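Here is the structure we will look at.
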Amino acid sequence: YKPVAPDLLYLCPENLIASLGPREAIDFTPFDAPEVGAKKVYHAGSRHGRSFVEERADPNANVFDVVVKHIADERAARRRVVIAG
1 YKPVAPDLLY
11 LCPENLIASL
21 GPREAIDFTP
31 FDAPEVGAKK
41 VYHAGSRHGR
51 SFVEERADPN
61 ANVFDVVVKH
71 IADERAARRR
81 VVIAG
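Residues in the sequence shown are numbered from 1 upward in steps of one, following the numbering used here.
Listed below in structure tokens is the structure:
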């Protein structure tokens, strides 16, 4: 076992900021957030999606197939899909 040093896997906060340069970083959150200081808040009108709890509990279900179908159905309804983990 030869683990890689964490500094080779991850950026420290200073290097992350330097890597982003002039780009604006955003945070996605399921909560309404107040505007604080110079931090801008943009409400994108998103909502929490399905958890697929029934499919995950069923040992005979193929969760991947159900998720793919759900995404296809959402897109067919002209809704945007964001997958986050």
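Idealized CB from N, CA, C, for every residue including glycine.
Computed from a predicted model, the values in this text were never measured in an experiment.
Residue i and residue j: beta carbons closer than 9 angstroms?
| i | j | result |
| --- | --- | --- |
| V82 | S46 | yes |
| F31 | A84 | no |
| I26 | Y42 | yes |
Who are residue i's beta bridge partners in DSSP?
| i | result |
| --- | --- |
| V36 | K39 |
Excluding sequence positions up to five away, which residues of its chain have a Cβ less than 7 angstroms from the Cβ of residue i?
| i | result |
| --- | --- |
| V63 | F52, E55 and R56 |
| V67 | F52 |
With respect to 8 angstroms, is the separation between the Cβ of residue i and the closest non-hydrogen atom of the ligand HEM below this value?
| i | result |
| --- | --- |
| N15 | With respect to small molecules bound, the structure shown includes none, and the ligand HEM cannot be examined in it. |
Whole-angstrom Cβ separation of residue i and residue j, contact assumed at under 8 angstroms?
| i | j | result |
| --- | --- | --- |
| S19 | L9 | The Cβ separation is near 14 angstroms, so there is no contact. |
DSSP three-state label for residue i, please.
| i | result |
| --- | --- |
| A25 | coil |
| D58 | coil |
| K69 | helix |
| R75 | helix |
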